[in-house]
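Asks: So that you can map any letter, position 245 of the sequence shown is 245 in full-length UniProt numbering, and since no number is skipped, the others follow by simple counting. From the three backbone atoms N, C-alpha and C, an ideal C-beta is built for every residue, glycine too. Take this structure, written in structure tokens, and hold onto it; I'll ask about it next.
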Amino acid sequence: MDPRAMALSGPRKKRPRQTGVTMASMPQDIKFRDLVLFILEKKMGATRRMFLMELARRKGFRVENEFSDSVTHIVAENNSGSEVLEWLQVQKIKVSSELEVLDVSWLIECMRAGEPVETTGKYQLVARSDDSASPNPGPQKTPLLAVQKISQYACQRRTTLNNCNHIFTDAFEILAENYEFRENEGCAVTFLRAASVLKSLPFTIITMRDTEGIPCLGDKAKGIIEEIIEDGESSEVKAVLNDERYKSFKLFTSVFGVGLKTSEKWFRMGFRTLSKIRSDKSLTFTRMQRAGFHYYEDLVSHVTRAEAEAVSVLVKEAVWAFLPDAFVTMTGGFRRGKKMGHDVDFLITSPGSTEEEEQQLLHKVMNLWEKKGLLLYCDLVESTFEKFKLPSRKVDALDHFQKCFLILKLHHQRVVDSEKSSQQEEKTWKAIRVDLVMCPYECHAYALLGWTGSRQFERDLRRYATHERRMMLDNHGLWDKTKRIFLKAESEEEIFAHLGLDYIEPWERNA
1 MDPRAMALSG
11 PRKKRPRQTG
21 VTMASMPQDI
31 KFRDLVLFIL
41 EKKMGATRRM
51 FLMELARRKG
61 FRVENEFSDS
71 VTHIVAENNS
81 GSEVLEWLQV
91 QKIKVSSELE
101 VLDVSWLIEC
111 MRAGEPVETT
121 GKYQLVARSD
131 DSASPNPGPQ
141 KTPLLAVQKI
151 SQYACQRRTT
161 LNNCNHIFTD
171 AFEILAENYE
181 FRENEGCAVT
191 FLRAASVLKS
201 LPFTIITMRD
211 TEGIPCLGDK
221 AKGIIEEIIE
231 DGESSEVKAV
241 LNDERYKSFK
251 LFTSVFGVGL
261 KTSEKWFRMG
271 FRTLSKIRSD
281 KSLTFTRMQR
291 AGFHYYEDLV
301 SHVTRAEAEA
311 VSVLVKEAVW
321 AFLPDAFVTM
331 TGGFRRGKKM
341 GHDVDFLITS
351 PGSTEEEEQQ
361 LLHKVMNLWE
371 KKGLLLYCDL
381 VESTFEKFKL
391 PSRKVDALDH
401 FQKCFLILKL
411 HHQRVVDSEK
421 SSQQEEKTWK
431 AIRVDLVMCP
441 YECHAYALLG
451 WTGSRQFERD
461 LRRYATHERR
471 MMLDNHGLWD
481 KTKRIFLKAE
491 SEEEIFAHLG
501 LDYIEPWERN
511 A
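Structure, rendered in structure tokens:
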């Protein structure tokens, strides 16, 4: 990502799904075919019923919209057994002796466990003659399963891509993005931390009781969760998605090279579409912005894993032509296991090269690609790295290594399993955003850790180093303030050991 745009607007590699804040009905894989559930709307409400139906379907349960003879389990909330039986009689439904009538707490426990649990007495709703007189019908609610202590730091949590709380995390990330657009960093970070901790949970939040003991959830975040549980969506998120300023900034910052200051200027000038901006003769664009507009359609489309691997081959071929012993590592989201991204990042280092060879490598690679007609745009930033300078105190600080921000031409024929066909498409290539970073070998482990991400994982790793270990960490190294020395590391595992942390694999850093 271009540091100039990032300095204004912050990294935008993660783009929240706008459709993720409501529960959309979709076909799900059924894992437990012996069970057919029907959730009773009475006393529950249509919105909460739909919420629970979708969650259960995602967990592999078959849930019917209407009651039928195939139903094996009825699930009810705040109803006694007699009330459920009365409802069935009003509907003129013949009740089978094998039909299970259960409290909603059974379904919640099933979803926590990821499989059906025993329909023991505490979950069963039994019709009794005195049910109607009971002030609290239904079974005694069981206490929550003991929640293991969850750290406030993402670097002490394992966060894979299997996010079972995306309806909440998508909402938080939209709100955080809106605060970033308004340059309110404090509120943005608050919601990003809340999203981060929910992504690490091994269970789906279904009731507000599930949020007890979870760090980083302030009153506002809990209010958003409660509203989504009750209504299926957040009114605040809905308002943001319909806000003209948010929609305009989202659109403007999707252009390579456009940050918050430029977006603010265009918005104040009354622009709302890119076509109007492009056609306005009074506007001047930077070289980066001109490239962003020229290759816009390609750059806003997702980069697939296959495309990233094809770019990796291109990069390695070019680098090894000049430094055969160089290490070339794909970093960012693809190293964390993502199947899609918006650009491809690479870290390059060479243990046997001289300082001059390191400084010249990226220049030589750019010249090679330019001769081959593959270089569509290039911005090479020279290194300002100082070996003995202390790490930055800022958790979002950029490093000072030599780096190159590129747009490369990737021919479809180089992509394995490419869906594009040169016979069907007039255009035989796609413009891809690529970042190359060249670092000294002694900094390689720290640079690899930093460029792997995720953004929130790295923020918390640096916060943890400062507040818990009296150390200063950045992409260049780790400074021990107590011993007043730099701690050397040959690998990411050694850095975690220096910090007293259990090692977390790259695919578990999707905080």
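#1: On the DSSP letters alone, give me the boundaries of the beta strand (DSSP E) that Cys404 sits inside.
#2: Taking the alpha carbon of His411 as the reference point, which residue from Leu375, Ile167, Glu236, Met438 has its own alpha carbon closest?
#3: Nearest to Lys261 by CA position, among Leu501, Lys43, Phe181, Gly477, is which residue?
#4: Tell me the rounded alpha-carbon separation between Thr384 and His476.
#5: Does Val63 pass the burial test, meaning 16 or more other C-beta atoms within 10 Å, or should it be called exposed?
#6: When the distance is taken between beta carbons, is Met438 closer than 8 Å to Glu358?
#7: Cα separation between Ala308 and Arg433?
#8: With three or more beta-carbon pairs closer than 8 Å as the criterion, would you say the stretch 151-169 touches the stretch 192-205?
#9: Between which two residues does the beta strand (DSSP E) containing Arg182 stretch?
#10: Could you tell me the alpha carbon to alpha carbon distance between Leu406 and Phe327, rounded to whole angstroms?
#11: Can you tell me whether residue 532 is helix, strand or coil according to DSSP?
#12: With DSSP as the reference, label Thr159 as helix, strand or coil.
#13: In the structure shown, what three-state DSSP assignment does Ala431 receive?
#14: Who pairs with Glu386 in a beta bridge, going by DSSP?
#15: Between the stretch 440-447 and the stretch 181-193, are three or more C-beta pairs nearer than 8 Å?
#16: Please tell me whether Met330 and Val344 are closer than 8 Å, where the distance is taken between their beta carbons.
#17: Between Arg336 and Pro506, how many whole angstroms is the CB-CB distance? I'm expecting something under 8 Å.
#18: For a test of the three-state rule: what should DSSP assign to Asp34, helix, strand or coil?
#19: Within 8 Å, do at least three Cβ pairs link the stretch 150-163 to the stretch 455-462?
#20: Under three-state DSSP, which class holds Thr207?
#21: Between Ser97 and Leu125, is the Cβ-Cβ spacing less than 8 Å?
#22: Please check the pair Glu109 and Val101, which I expect to be a contact at CB under 8 Å, by giving their CB distance rounded to whole angstroms.
#23: On a CA-only basis, which of Glu382, Glu227, Leu314 is nearest Arg414? Give me that one, please.
#24: How would you call Val90, buried or exposed, if buried means at least 16 neighbouring beta carbons within 10 angstroms?
#25: Considering only their Cβ atoms, is the gap separating Phe293 from Val255 smaller than 8 Å?
#26: Considering only DSSP beta bridges, list what Leu473 is partnered with.
#27: Shortest alpha-carbon distance to Glu244 belongs to which of Val258, Ser263, Gly259, Ile229?
#28: Can you name the start and end residues of the alpha helix (DSSP H) that His294 belongs to?
#29: Quick one: what does DSSP say Cys216 is sitting in, helix, strand or coil?
#30: Kindly indicate which three-state DSSP category Glu227 falls into: helix, strand or coil?
#31: Assuming the contact rule is C-beta atoms closer than 8 Å, Lys364 and Phe401 should be a hit. Round their C-beta distance to whole Å, please.
#32: Do three or more CB pairs link the stretch 63-79 to the stretch 31-41 at distances below 8 Å?
#33: Report the three-state DSSP secondary structure of Arg62 (helix, strand or coil).
Replies: Taking the coordinates as given:
#1: 402-411
#2: Leu375
#3: Phe181
#4: 12 Å
#5: buried
#6: yes
#7: 10 Å
#8: yes
#9: No beta strand (DSSP E) contains Arg182, which DSSP labels as neither H nor E.
#10: 20 Å
#11: Shown here, the chain extends from 1 to 511; a query on residue 532 therefore has no answer.
#12: strand
#13: strand
#14: Glu386 is not bridged to any residue.
#15: no
#16: yes
#17: 5 Å
#18: strand
#19: yes
#20: coil
#21: no
#22: Going by Cβ atoms, the distance from Glu109 to Val101 rounds to 16 Å, so no, they are not a contact pair.
#23: Leu314
#24: exposed
#25: yes
#26: Leu478
#27: Ser263
#28: 287-294
#29: coil
#30: helix
#31: Not quite, the Cβ-Cβ distance comes to about 17 Å (not below 8 Å), so this is no contact.
#32: yes
#33: strand
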